[in-house]
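Residue numbers (our numbering), protein chains in the order written: chain Z, 68 to 407; chain H, 68 to 407. The next block holds one structure in the form of C-alpha cells; read it before the comments.
Protein chains: 2
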Amino acid sequence: MARDRSLPRRATIHDVAAVSGISRGTVSRVLNGEPYVSDRAREAVEAAVREVGYVRNTAARNLVTQRSGAIALIVHEPHSLVLEDPNIGNILLGTNAVLSEADYQMVTLILDSVRDSERVAEYLRGGFVDGAIILSARVGDPIALAVAELGIPAAFVGHPPNAPEIPFIGIDNLSAAREITTRLVDTGRTKIGMVAAALDRDSGQDRLAGFIEALGKQFNPSLVVDYPLYAYDTGAEGMRELLRREPAIDGVFAASDAVAAGAMDVLRDAGRSVPGDVGIVGFDDSSWAIRCHPMLSTVRQPAYELGRQAALQVLNQLRGGPRPSGGTLLQTEVVWRDSA
Amino acid sequence: MARDRSLPRRATIHDVAAVSGISRGTVSRVLNGEPYVSDRAREAVEAAVREVGYVRNTAARNLVTQRSGAIALIVHEPHSLVLEDPNIGNILLGTNAVLSEADYQMVTLILDSVRDSERVAEYLRGGFVDGAIILSARVGDPIALAVAELGIPAAFVGHPPNAPEIPFIGIDNLSAAREITTRLVDTGRTKIGMVAAALDRDSGQDRLAGFIEALGKQFNPSLVVDYPLYAYDTGAEGMRELLRREPAIDGVFAASDAVAAGAMDVLRDAGRSVPGDVGIVGFDDSSWAIRCHPMLSTVRQPAYELGRQAALQVLNQLRGGPRPSGGTLLQTEVVWRDSA
DNA sequence: TTGTAAGCGTTATCAA
DNA sequence: TTGATAACGCTTACAA
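And the structure:
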C-alpha cells in the first residue's frame, strides 16, 4: 500500500471559516442544517463553500460521531458462484432497498479465502461500518465470530448451525423439502433419490433432512449423493451417479434448480423422459426452473423479503432496539409445474 | 440513522499507554512494527494490549494517514441483473485477487437508482476508499463524473463513450462482433439479423457497429431489433419480432449468450432448426453457451483478466504512477461450436 | 445566534 | 530509543 500526496489539498471547514469570516462552529452548524443560524451567516458560509469548493471529510466526521453511515453485506461464497446463486441478487436488492431508504450505504464484501476473512474482520473492526448482514455463513465461520465479538448490530440471512447469538432471517428449508418430496411419493414414485449439496450449510442439511423425513421408512441412503456446491455440474454428476446406482430410479429431489437442470440434461441424454420415466423437483424457483423442458416444479424462496427483513433487523438494533436471540422463518411456497 | 452508544467503550492507545507506562508515541511505534523500540518497551506494550483488549481504530488512523486501504468496485446495474451477467463474477474475481494480494479491501457498491448514485458519490467523497474501479458505466454516468472530479485513482472496465479522462480496460467489441458475424456470411446465410441490446453502453453500440461492418452492403436495418438489457427475455422477444419481420431469416447475431438462448428457444418453438434453418451466434462464452442445444458459437471475453488489469491500473496510480489518458483493449477469442 | 475550545484516536515531528 | 505535543478535520458543549 502506497501513498500519493500529490493530490491538491481539499478545502476544510477551516478554509470556509476563514473565507466567510464565520467561526468553525457556525460553519459546521450551517453544513448540518442545524437551527440557530442567521440567514446572514448561512449565506456567507454557502458562498464560501462554493468559493473554496468545500466537500465534507466524512472520515473526520466519523471519528467524532462514532458512526459511518455504512452497513456491510457480507457474502461468503467462492466468487464465481456469487453470480450463479439466483437468490443472492434478490437478497441484495431487498437489503439495499431498506438500507437506501434509511440513507445507509450498503457495502458488499465478498470473501472466499482465509486471507479475505482476516482482512474483512480487520475492516469491520476499523469502524467502516455500523452494522453487518451476513449471507450464507458456514459452520464455524470466522467472520460471524468476529461480528459477534465486535458486538455491532448484525443479522444472518439463513441459519448457520452453532451460530453465535446473532438473530437470523431464514426459510424453513426442512418443511419445504418435506413438502415437495411428498409430492414425489404421492404421485407413485417408489425409487426416489436426492442430489444433495452444500451440507456445510444449514440450507443443505435441512433440505436433506426434509427429504429423509418425507420418505420415512421408504428412505434408501444409497440413493443420496452429495456435493459441495449448488451448481449445474453438481446435478449432472450426481444424476449420473444415481443412474449408475439405480437405473430404475423414478424420482429425484435436486437440492436447487441449478442442480435439477444438470440432472435433467443427464436424464435426457440417458433416454429418460421427464416426468414420464422420472419425476424431478428442485428448489429456489430461479430462472433455471422456467428454462427447463419441461418446466420445473420447485420451492419459491422469498429472497427479496429475506434481504429486507435482515436489513430491518439491523436498523432496529441500530436504533437501540434489542437484539433478539432467535430468528424468523419466512414462508416458502411450492410451485407446481410439469417436471413432477 | 440513529446512534447507539451503549456499546462498551473500546480501549484506545491512551489506555495501552497508561497500563504499560509507555508513551503513546512509542505504543504507536510498537503497534506499527516500526524500528527504534526496545524489547522492554515492546513487551510491556504487547502485554498491555492483551490486558485491555486493544484493537486499532482505523477511522482515526485514516484521518491522519489520509488513506483507507479500501478500493471501491462500483457496479452499475439493475440489481437483479447483477447475477445474470456472467462476466461480472469473473471481473470481481480478478479484481479481488489483485487487490487482496496488495492488502487492499475491495468494497463492492451496487447502484441502480439516482438516490443510490448520490449516496455513493457522497461515500466516495467521504474518504472511505483510496481508489475506484467502475464497471459497466453508461453514457453520462454521474458516478464516473464524481470519480473524475475527485481525482482519486480509478479505472473503467469497459470503455464508456465520452468518458472523463479515466483509463479503461476493455475488449474490442467491434472487431469481435465483426469476426463472428462474418462467419454467418461465410456459411452462406443471406438473411442475417441481429438482436441488439444495451445500446446505451459501449459494448452494445460496438457490437452493433461490428455487425453492420461485417455485412457491408448486405446489411438490412429492418433486421435489427434492440432492447435495453442483455437478457434471456430480450432474445425471446427480439427473435419473435425478427421472425415476424422476416420469416425466412437464416442467421442471427445475438448481443449476448443469454440473448441467444432466448432466441434459440423461440426458434425451436417456431419449428426452425439450428443450425439447419438458422445459424446463430452469441457473445460472452458464458454458461448459457454450453447449456444451449446445440451449443453456441460465441466470443470469449477475458473477464477475469479485465478485472485484474483494472485493479493493477488503480494500484499503479496509487503508487504515484501516471494516469494514462487512453486505455487497453484485451484480445477476445471466437469459440466455434455447433450453432453456426 | 455565535464563537471558543475541548475532544475523537491516531500518527508524526522534534527534542531530549 | 523515548516522550511530549502538535496535527488530522470534524462535532459539540459551553459561554458569551
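Glycine residues also receive a C-beta, built at the ideal position from the N, C-alpha and C atoms.
- With a threshold of 16 other beta carbon atoms within 10 Å, Ala370 (chain H) meets it and is buried.
- Taking a Cβ-Cβ threshold of 9 angstroms, the residues of chain Z close to Tyr190 (chain H) are Thr125, Gly136, Ala137, Gln172, Val174, in chain order.
- Under the Cβ criterion of 8 angstroms, Asn163 (chain Z) is counted among the residues facing chain H.
- When CB distances to chain Z are screened at a threshold of 9 angstroms, the residues of the segment 191-204 of chain H falling below it are Arg192, Gly193, Gly194, Phe195, Asp197, in chain order.
- When the alpha-carbon of Ala325 (chain H) is set against those of H:Asp82, H:Asn154, H:Ser90, H:Arg117, the nearest one is in H:Asn154.
- Leu159 (chain H) has a beta carbon lying within less than 8 angstroms of a beta carbon in chain Z.
- With fewer than 16 other Cβ atoms inside 10 Å of its own Cβ, Trp403 (chain Z) counts as exposed.
- Uninterrupted alpha helix (DSSP H) stretches at least 4 residues long and entirely within the segment 76-127 of chain Z occur at 80-87, 91-98, 106-119, given in chain order.
- Within a 10 Å sphere around the beta-carbon of Thr132 (chain Z) sit fewer than 16 other beta-carbons, which makes this residue exposed.
- Listed in chain order, the non-local C-beta contacts of Val94 (chain Z) below 6 angstroms within the same chain comprise Ile80, Val83, Ala84, Val112, local neighbours out to five positions each way being set aside.
- Scanning its chain for C-beta atoms nearer than 6 angstroms, with the 5 sequence neighbours on each side dropped, one finds around Trp355 (chain H) the residues Asp324, Ala325, Ala328, in chain order.
- Approximately 26 angstroms separates the beta-carbon atoms of Thr395 (chain H) and Thr175 (chain Z); this is outside 8 angstroms, ruling out the contact.
- DSSP, reduced to helix, strand and coil, places Thr395 (chain Z) within a strand of the structure shown.
- Beta-bridge partners assigned by DSSP to Gly260 (chain H): H:Val319.
- The criterion of a C-beta distance shorter than 8 angstroms is satisfied by Leu397 (chain H) and Ile236 (chain H).
- By DSSP's assignment, Gln380 (chain H) forms no beta bridge with any residue.
- For Tyr294 (chain H), the enclosing beta strand (DSSP E) begins and ends at 291-294.
- Look at the beta carbons and you see the segment 243-260 of chain Z not touching the segment 202-209 of chain Z: under three pairs across the two are nearer than 8 angstroms.
- Nearest neighbour of Ser406 (chain H) by Cα position, chosen from H:Val366, H:Ala281, H:Thr399, H:Asp183, turns out to be H:Val366.
- For Ser90 (chain Z), same chain residues with a beta-carbon under 8 angstroms away, outside a window of 5 residues either side, are Ala84 in chain order.
- Remark: fewer than three beta-carbon pairs, one from each stretch, lie closer than 8 angstroms, so the segment 212-231 of chain Z and the segment 328-343 of chain Z are not flagged as touching.
- For Val401 (chain H), no alpha helix (DSSP H) segment is defined; the enclosing uninterrupted segment is the beta strand (DSSP E) at 400-402.
- Using a Cβ-Cβ cut-off of 8 angstroms, Asp336 (chain H) does not count as an interface residue toward chain Z, since no Cβ of chain Z sits closer than that to its own.
- Within chain Z, the residues Asn124, Ala126, Ala127, Asn129, Leu130 have their CB atoms less than 9 angstroms from the CB of Leu130 (chain H), given in chain order.
- Per DSSP, Arg186 (chain Z) lies in no beta strand (DSSP E) segment; the continuous alpha helix (DSSP H) that holds it begins and ends at 181-192.
- In the structure shown, Arg312 (chain Z) falls within a helical segment according to DSSP collapsed to helix, strand and coil.
- Short of 8 angstroms from the beta carbon of Ala78 (chain H), and not among the five residues preceding or following it, lie these beta carbons of its own chain, in chain order: Val119, Gly120, Tyr121, Val122.
- Rounded to the nearest whole angstrom, the C-alpha separation of Ile219 (chain Z) and Asp197 (chain Z) is 7 angstroms.
- Distance from the CA atom of Ile259 (chain H) to the CA atom of Gly338 (chain H), rounded to whole angstroms, is 18 angstroms.
- Here Ile279 (chain H) has Phe286 as same chain residues with Cβ atoms under 6 angstroms from its own Cβ, once five neighbours each way along the sequence are excluded.
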